[in-house]
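Written out below as structure tokens is the structure these notes cover.
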Amino acid sequence: MKKLAMVVLSLVLLCSMVFAQAAAEANSGKTTIRVLNYIDMSEPNSANEIAQIWDKFSAEHPEIEVIREDLFNEPFHQKVEAYAAQGNLPDVMYAWPSGRSETLHKDGYLYNLKSLLERDGLDKVYSATSMADQAGKVGYVGELPNGLTATSMMFVNTKVLRENGLEMPKTYADLVAMVPVLNAKGIEVVSMDCKDAWVMQSCLFSLITGRFGGADWADRVFAGETDFADEWFVKSLTAVDNLYKDGVINRNTLSIGYGSGRGDFANGKSAFYIDGDWACASFQTDVTTGQALFAPEAQKTDIELINFPAFDGEVIHESNSAVVGTGWAIAADIDADKLEAAWTLVKFLESEYAQTWRLTTGASFPSLTTIDVAKVCEEYNLEPLVAKRSDWYNNIQVATPVIDGVLPAAVFEVINTVLQEIGLGSTTVEKGVADVNAAWHAYIGK
Amino acid sequence: MKGTEVSKKREDRIGQAPKNFLGLSSRGEEVMAYWTFVLPGFLIYLFVMAFPTFFAAFLSLTNYRGGALFGPKSVIWGNIAPERKMKIIGFDYYAQMFHDKYFWLALKNNMWIVFISVFGQIPLGFIMAYLIFRGMIKGKDFFQTVIYLPCVISTVVIGRLWGAFTAPNGALPDLIRLFKPGYVAGNSTHPMIPVLFVILWMYTGTYLIIFLANLQKIDTSVIEAAKIDGATEMQALRYIILPALSGVIVTSAILAISGSLKSFDLIYVMTSGGPAKQTYVLSIFMYDSAFKGAPNYPLANAVSMVMCIISFTMIGITKAVEKKFGGRE
């Protein structure tokens, strides 16, 4: 009996310790916020975010305790879906304006920030584009965006062009003409990291559909004026097919993991590299090591940023696919007593301080109209690539839709697979068109 | 003495036995000990294995779209998206699955993995174990360690290493260029081959250890006696060693089949099922259905049910084969 009493007593003691800890936390006066953060592992300076952003927030707001989870690329998106499925979303999370965060927007998992922005007079401080309706819902801002993201940036290794006597390409035909010259020396013309299926769709095919379909192709598709069996889409898929058949892009890029081709490009193994504008940061100096894929001096002479050259038959020119940037969101079912703390955090993450820091690292261009990019470049003595990037945005004549930003996942997932199948040469353009159109009609038929 | 009398006398004895500190008789202690040992395992099995399996079967017959199954959250979301309300719709998602070409591709790839596991890893593991056991090679400790080494390395690390090694910008094309200058890595028309090779390389060591441990239990004097009687090495293998190991071979086959059907981590890290889903297996198909793009939980659960059924069927076949041909020691 004595032993039994001992066991029971020990259990009671253990329980009281656990509950005492929880009670102590509850009485500390701190509000605890769970955060799911997206951290770009392919950027050299992304790890500094912890000290520069998160530690600073904790120092400025000791009354708010942040429990943060950092993830990157597909694991991030899959974790979000898993949390949504469990009904266990974090209080604050990084989110996309639509596409990749479709579940969050469509099924009402996110708090509409519009009312909070208006209450605090912030709706006029952020650029008009970043305050646009999201996910097709009128008056809805599910996530507060960093800015506008152009998803197809073409990096040029000008050193490679110079050494091989080549000029900056103006048309697609110019790129094709480079194939024999560069391949003879073991150099690829355009490299991409297409192992992840979204890369080709987001970073090049969205631009191509804009060039052949016009800036309003998505509106016309949703209005039922056109579908994916029409000429504009056939021409777009044919253009991708030609990229592989002409040798402009090697089919083996389908086996290159995201971000791993940037070093090869910097080392002159390809003349061009295509990625989103966010990839710009990966060519700048890592402040912790002082190393850079293009040193600041080399950035002046050896790298340029251009728009993809003109395709024969394109209906608009010098366009680029762009979407409201990624940003921060609050869970719709957040506890009322946590809402203000979460909003304080979101405001900090999109504050002048945080957006300026992200500009200096090259992670994103600001959505706050109060930040003068040229002045920041001068004040912080930013690397030449930042100024080149600013000029590059100015040269974009038309912004066209990003496929996974406007179409539902049930359709863009099929497009992603079709693009990879075309890359492998395992399907035809006609079959690909039929598959995508079938997915679209199945979606609208639901 | 009749059985009832024995039982009565035992009960009397138990009744007279001294009671322990909990006030239980010996019989009571026995019962308590039985439940103390069985209950935790039984409960864990019930809640961690059996319940999720039956629940997955149930979800595969519904239109569940995520979120809380019951409770106030469903009501809140219900106002925004009424179609979220869960209802039983039957076998629609099974039909969708069987009409999906990638399901069949995934199933085919899984069968390749089963094939390479059962007819690659097990025979290879056995041959190497046999060579070591019979002392046909020198440095047996070295070979044993080297062959088993992949089993102690994290699957994610192995997947990353082999993925990077075989990538077009990896070390393998560079090595090939040493012998064939100008070589440019292309895309394999059989993208499962590198995956199958790594699976073979990675898990053969496990079977080597299993077979070696069981070979060492065989009395060598029996083999030596057979040899003296004129049996050849092959005859000793055929009539002494293989029958003695038939149970182990079946166990290994069951492990290989069930392991093959749930293959996920290595392939996910190496290829993510790509390019163009060419290295899809059922578990990745299930995972992508649930957590990638537009989540489709009933479809994912339907896939998991099919995996269970295939697994049980193949294990049943293996057991039947063992019953018919094995165990003639």
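As they're listed, the protein sequences go chains A and B.
Its first residue numbered 24, the first sequence is counted upward by one per residue in my numbering.
Its first residue numbered 4, the second sequence is counted upward by one per residue in my numbering.
Every residue gets a Cβ at the ideal spot worked out from N, C-alpha and C, and that includes glycine.
Distance CB(residue i)-CB(residue j) smaller than 8 Å
| i | j | result |
| --- | --- | --- |
| PRO113 (chain A) | ALA355 (chain A) | no |
| PHE168 (chain B) | LEU175 (chain B) | yes |
| VAL462 (chain A) | ALA432 (chain A) | The sequence given here has Ala at residue 462 (chain A), not Val. Cβ distance not < 8 Å, so ALA462 (chain A) and ALA432 (chain A) don't count as in contact. |
| SER271 (chain A) | VAL213 (chain A) | Correcting the residue type first, residue 271 (chain A) is Val in the shown sequence and not Ser. Taking 8 Å as the Cβ cut-off, VAL271 (chain A) and VAL213 (chain A) qualify as a contacting pair. |
| ALA118 (chain A) | GLU166 (chain A) | yes |
| TRP301 (chain A) | ASP93 (chain A) | no |
| GLN101 (chain A) | ILE438 (chain A) | no |
| ALA107 (chain A) | GLY69 (chain B) | yes |
| SER255 (chain B) | SER314 (chain B) | no |
| ILE90 (chain A) | TRP380 (chain A) | no |
| PRO407 (chain A) | SER229 (chain A) | no |
| VAL347 (chain A) | PRO120 (chain A) | yes |
| SER278 (chain A) | PRO278 (chain B) | yes |
| ASN180 (chain A) | ILE326 (chain A) | yes |
Beta bridge counterpart(s) of residue i as assigned by DSSP
| i | result |
| --- | --- |
| THR312 (chain A) | Per DSSP, none; premise fails for THR312 (chain A). |
| PHE295 (chain A) | A:VAL179 and A:VAL213 |
| ALA354 (chain A) | A:LEU133 |
| ARG57 (chain A) | A:ILE90 |
| ALA333 (chain A) | A:THR194 |
| ILE467 (chain A) | Per DSSP, none; premise fails for ILE467 (chain A). |
| LEU171 (chain A) | A:VAL347 |
| THR423 (chain A) | A:SER344 |
Interface partners of residue i on chain A, CB under 8 Å
| i | result |
| --- | --- |
| GLY31 (chain B) | In chain order: nothing, as chain A lies at least about 14 Å away. |
| GLY162 (chain B) | Simply none; closest approach about 11 Å. |
| TYR300 (chain B) | ALA108 |
Coil, strand or helix - residue i by DSSP
| i | result |
| --- | --- |
| MET64 (chain A) | coil |
| TYR134 (chain A) | coil |
| ASP93 (chain A) | strand |
| ILE312 (chain B) | helix |
| SER344 (chain A) | strand |
| VAL409 (chain A) | helix |
| LEU112 (chain A) | coil |
| LEU391 (chain A) | strand |
| TYR117 (chain A) | strand |
| THR235 (chain B) | coil |
| ALA151 (chain A) | coil |
| THR1 (chain B) | The question about residue 1 (chain B) has no answer here: the residues shown for chain B are numbered 4 through 332. |
| ALA323 (chain B) | helix |
Cutoff 6 Å; reference residue i; Cβ partners in own chain excluding five residues on either side
| i | result |
| --- | --- |
| GLN219 (chain B) | none |
| GLU211 (chain A) | ASN273 and SER293 |
| SER124 (chain A) | ALA118 |
| ALA386 (chain A) | ALA304 |
| MET485 (chain A) | No statement about residue 485 (chain A) is possible, as the shown extent of chain A runs from 24 to 469 and does not include it. |
| SER120 (chain B) | ALA259 and SER263 |
| LEU139 (chain A) | TRP366 |
| VAL396 (chain A) | SER413 |
| PRO75 (chain B) | Caution applies to PRO75 (chain B), whose pLDDT of 45 falls short of 50 and renders its modelled position unreliable; the model cannot decide the point. |
Contact set between residue i and chain B, taken where Cβ atoms lie within less than 9 Å
| i | result |
| --- | --- |
| ALA220 (chain A) | SER275, GLY277, PRO278, ALA279 and LYS280 |
| GLY446 (chain A) | ASN190, PRO278 and ALA279 |
Residues of its chain near residue i, where Cβ-Cβ distance is below 8 Å and the 5 sequence neighbours each way are ignored
| i | result |
| --- | --- |
| ILE287 (chain B) | ALA109, PHE267, ILE270, TYR271, SER275 and GLY276 |
| SER307 (chain B) | ALA59, SER63 and MET289 |
Partner residues on chain B for residue i, Cβ-Cβ distance less than 7 Å
| i | result |
| --- | --- |
| ILE279 (chain A) | ALA170, PRO171 and ASN172 |
| SER449 (chain A) | ALA279 |
| GLY209 (chain A) | GLY185 |
| GLN443 (chain A) | GLY277, PRO278 and ALA279 |
Interface partners of residue i on chain A, CB under 9 Å
| i | result |
| --- | --- |
| GLY69 (chain B) | GLU104, ALA107, ALA108, GLN109, GLY110, THR126 and ASP130 |
Sequence-distant residues of the same chain with beta carbon closer than 7 Å to residue i, five excluded per side
| i | result |
| --- | --- |
| THR450 (chain A) | VAL441 and GLU444 |
| LEU391 (chain A) | VAL148, TYR149, GLU375 and GLN378 |
| LYS143 (chain B) | ILE135 |
| VAL409 (chain A) | GLY385 and CYS400 |
| PHE118 (chain B) | none |
| PRO171 (chain B) | ALA188 |
| MET89 (chain B) | THR65, ASN66, TYR67 and LEU72 |
| ILE243 (chain B) | VAL225, ILE226 and ALA229 |
Contacts of residue i in chain B (Cβ-Cβ under 8 Å)
| i | result |
| --- | --- |
| ARG274 (chain A) | GLY189 and ASN190 |
| ASP287 (chain A) | ASN172 |
| PRO168 (chain A) | Result: empty, since nearest Cβ-Cβ is about 22 Å, beyond 8 Å. |
| ILE436 (chain A) | It should be pointed out that residue 436 (chain A) corresponds to Glu in this sequence rather than to Ile. Within chain B, the residues near GLU436 (chain A) are LYS295, GLY296 and ALA297. |
Within-8 Å CB hit, residue i to chain E
| i | result |
| --- | --- |
| SER283 (chain A) | Going by chain labels, chain E is absent from the structure shown, which instead holds the protein chains A and B. |
Contacts that residue i makes with chain A (C-beta to C-beta distance below 7 Å)
| i | result |
| --- | --- |
| LYS90 (chain B) | Near LYS90 (chain B) there are no residues of chain A at all, since even the closest Cβ is about 16 Å away, more than 7 Å. |
| PHE58 (chain B) | Simply none; closest approach about 13 Å. |
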